[in-house]
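The opening residue of the sequence shown carries number 96 in the numbering used here; numbering runs sequentially from there.
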Amino acid sequence: MLDLLEKLEKLRITPFDQRSTLRAASSACGVARATLQRRVKGGQVVAHVSIVKPLLTDENKAAILAWCILHVQPDSLLFNNMYDTIHVDEKLFDLTAVRRRYYLLPGEEAPHRQVRSKRFITKVMMLAGVARPRWNAVSGFYFDGKLGIWPFIVQEPAVRSSSRRPAGTMITKEGRVNKGTYRKMLFQHLLPAVRERWPSVCNGELLRMQQDNAPAHISPMDTLFVAAAAELGLSIELCCQPPNSPDLNCLDLDLVSAIQARQRLWTQRSIEELVEAVKAAYWELPPSTINAAFLSLQGSMNLCILDRGGNAFKPPHIGKAKLQREGRLPESVQCSPETAAIISQLRIA
């Protein structure tokens with residue numbers, strides 16, 4: 096047993112690239128693969144998946160740090176409840192994934208999937224908007240946080256005939272995403288959805304619409320957006336999260352993955368079926384999942400401050416599902432003592 100532990104200790108001095116597979120790690124420490132696999136299952140060796148994160152400059156870190164501190168209440172050191180914030184983002188959804196996992200019974204034939212080329216898998220870009228769910232005491236209804244999800248698609252006549260339809264038939268194609276189409280999407284879909292579904296819009300509440308820094312996004316000072324919002328009786332401040340900070344958007348954190356997981360429960364064979372599947376997956380998303388994403392966002396902000404604006408941290412796990420079942424799920428995350436000390440130092444400086 097002691098000899099085995101000594102062999103496993105050789106992994107500490109082995110470069111990470113030389114222990115990225117079970118076979119390579121077995122060769123590096125001189126332990127049989129079967130034995131090493133048992134140690135992984137027993138927890139003596141940990142299998143870790145490394146995800147590439149954005150390379151941050153000093154300016155990026157300073158902007159992220161300032162952004163996160165801005166969301167902390169000075170007196171209580173609780174993060175803002177974010178009830179006035181709308182998160183918007185556009186994501187690409189595929190008709191099928193190149194790699195999928197299925198669970199089969201012994202002797203069952205495995206599915207055989209074919210495409211002409213991975214480059215020609217049907218895709219569609221869709222814009223989603225979410226806010227934090229909560230109970231609206233004025234109307235007596237529960238706001239589920241869902242504003243809508245809309246595809247960037249166009250209808251065009253088919254140039255050539257095929258076995259399925261003659262030339263000139265209107266077909267659905269993926270549309271372009273640029274400032275013009277993005278602004279049009281906000282004006283025609285998102286702003287009316289906010290007007291229709293927001294729980295306290297009639298009170299003149301100032302809302303914040305958070306977007307990332309994609310080239311297709313409009314400027315926070317866009318006069319056309321301000322005018323369109325005012326025309327609907329909305330007071331919305333458009334803001335951009337810091338560059339290279341996907342961990343600061345709820346849709347990037349958890350929600351898009353949750354939508355994709357539900358979307359893939361349906362079989363889709365056309366772009367129309369793909370759009371309908373994504374929409375159905377979005378509207379089936381439980382409000383508790385959206386609320387958990389906002390708490391995960393606050394936890395990520397806490398770790399961002401602790402890392403001085405960096406991204407060298409693991410996503411926080413606080414057992415939100417269990418806390419919700421027990422009725423102990425907090426409305427806002429409390430800053431850790433280490434984070435509070437950093438905030439105090441920066442505010443004094």
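Every residue, glycine too, gets a C-beta built ideally from N, C-alpha and C.
| Check | Outcome |
| --- | --- |
| Bounding residues of the alpha helix (DSSP H) (the contiguous stretch that carries Cys-334) | Taken as a continuous stretch (DSSP letters only), Cys-334 belongs to no alpha helix (DSSP H), being part of the beta strand (DSSP E) at 330 to 335. |
| Residue burial classification, Arg-195 (beta-carbon count within 10 angstroms, cutoff 16) | exposed |
| Proximity to Pro-411 [Cα-Cα], best of Ser-383, Lys-102, Lys-241, Asn-397 | Asn-397 |
| Secondary structure of Gly-422, DSSP reduced to three states | coil |
| Ile-305 vs Thr-180 beta-carbon contact at 9 Å | Reading the sequence as shown, one finds Gln at residue 305 and not Ile. Result yes, Cβ atoms of Gln-305 and Thr-180 sit closer than 9 Å. |
| Three CB pairs or more closer than 8 Å across the segment 372 to 392 and the segment 335 to 351 | yes |
| Paired residues, beta bridge with Ile-248 - DSSP | Glu-269 |
| Unbroken beta strand (DSSP E) run spanning Ala-120, endpoints | Careful: Ala-120 lies outside any beta strand (DSSP E), inside the alpha helix (DSSP H) at 117 to 124. |
| Arg-128, enclosing beta strand (DSSP E) - first and last residue | First-last for Arg-128: 128 to 137, but that is the alpha helix (DSSP H), not the beta strand (DSSP E). |
| Selected residue, minimal CA-CA separation from Ala-192, among Val-428, Pro-201, Phe-215, Gly-202 | Phe-215 |
| Pro-201 vs Pro-341 beta-carbon contact at 9 Å | no |
| Minimum C-alpha distance to Ile-313 - residue among Glu-300, Ser-212, Thr-276 | Thr-276 |
| C-alpha distance - Val-135 paired with Ala-142, whole-angstrom precision | 7 Å |
| Rounded separation between Trp-230 and Ala-119 - CA only | 53 Å |
| Where the beta strand (DSSP E) containing Asp-153 begins and where it ends | Note, Asp-153: premise wrong, no beta strand (DSSP E); alpha helix (DSSP H) at 153 to 165. |
| Cα-Cα separation between Leu-390 and Ile-400, rounded to whole angstroms | 16 Å |
| Own chain residues within Cβ distance below 8 Å of Val-140, not counting five before or after | Leu-103, Leu-106, Ala-120, Leu-131, Arg-134 |
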